[in-house]
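In terms of the working numbering, the sequence shown opens at residue 25 and continues consecutively. By construction, the Cβ of each residue, glycine as well, lies at the ideal position given by its N, Cα and C atoms. Taking it in order: structure first as structure tokens, then the write-up.
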Amino acid sequence: MTEAVRPGGRRTERRPGRRPGPTETREAILAAARELFAEKGYDGASLRAIARAAGVDPALVHHFFGNKEGVFVQAMRFPVNPEELVPRVQEVPRERLGEALARVFLEIWGDEERRAPILAMLRSAMTNEQAAVMMRQFVSEALFRRVAALHDIPMLRVNAAVGQMIGVALLRYVLKVEPIASATTEELVELLAPTLDRYLAGKTS
Numbered sequence: 025m026t027e028a029v030r031p032g033g034r035r036t037e038r039r040p041g042r043r044p045g046p047t048e049t050r051e052a053i054l055a056a057a058r059e060l061f062a063e064k065g066y067d068g069a070s071l072r073a074i075a076r077a078a079g080v081d082p083a084l085v086h087h088f089f090g091n092k093e094g095v096f097v098q099a100m101r102f103p104v105n106p107e108e109l110v111p112r113v114q115e116v117p118r119e120r121l122g123e124a125l126a127r128v129f130l131e132i133w134g135d136e137e138r139r140a141p142i143l144a145m146l147r148s149a150m151t152n153e154q155a156a157v158m159m160r161q162f163v164s165e166a167l168f169r170r171v172a173a174l175h176d177i178p179m180l181r182v183n184a185a186v187g188q189m190i191g192v193a194l195l196r197y198v199l200k201v202e203p204i205a206s207a208t209t210e211e212l213v214e215l216l217a218p219t220l221d222r223y224l225a226g227k228t229s
């Protein structure tokens, strides 16, 4: 037996190996995940390795976060959760995919609280290769590849469409170039949707 000291100097016995509470366990997992994602990138950090580094059973990682994407979103404070985004794209008919992607993208960038961490990550990725690898792996595997698979679209086309939207977002929210900066969401959706549809047209052979 070991002893724990409570406020006031009173000691109580604590069994060896007693697990910390849910909050402490969750924070330990997140701390371990941040270190492993930074060290090994998104692809190289497995749920089992994160659990081992945090000193917990892998089942607890699943319990708190569901999957590796969930751990990454929470650990890195990534403002886009694939589990929320992908179903919105999945439910859309192929002929309206460009419009749906434009709306979701503008909704995310239009939210200042979500935009700020995205910009911070983009800046880090531009100057830090480790950050670039981690972000590239996550958005490719957890976001782009899943969207491509849902509608049988080649990754090259998906990447081109995303590049188009990022360019518009940078002009609108970072450089604040007019008239894009003051255009309404509907105006931008109408402008972007046909272009995105052209990028996304066609299927793999």
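Boundaries for S70: no alpha helix (DSSP H) harbours it, and the DSSP string shows neither H nor E there. Remark: three or more beta-carbon pairs, one from each stretch, lie closer than 8 angstroms, so the region 180-197 and the region 118-135 are flagged as touching.
By the beta-carbon neighbour count (other beta carbons within 10 angstroms, threshold 16), E107 is exposed. Within the region 113-152, the runs of alpha helix (DSSP H) that reach at least 4 residues and sit entirely inside it are, in chain order, 121-134, 136-151. Counting along the chain, A173 sits inside the alpha helix (DSSP H) bounded by residues 169-175. Assigned with DSSP and collapsed to three states, D81 falls in coil, not helix or strand.
Our two residues, G45 and L54, have alpha carbons roughly 14 angstroms apart in a direct line. Taking 8 angstroms as the cut-off, the beta carbon of A52 is found no closer than this to the beta carbon of G94.
Burial check for V85: the Cβ neighbour count within 10 Å reaches 16 or more, so the residue is buried. In the DSSP assignment, K92 falls within the unbroken alpha helix (DSSP H) covering 92-99. Counting the other Cβ atoms within 10 Å of the Cβ of L216 gives 16 or more, which makes it buried.
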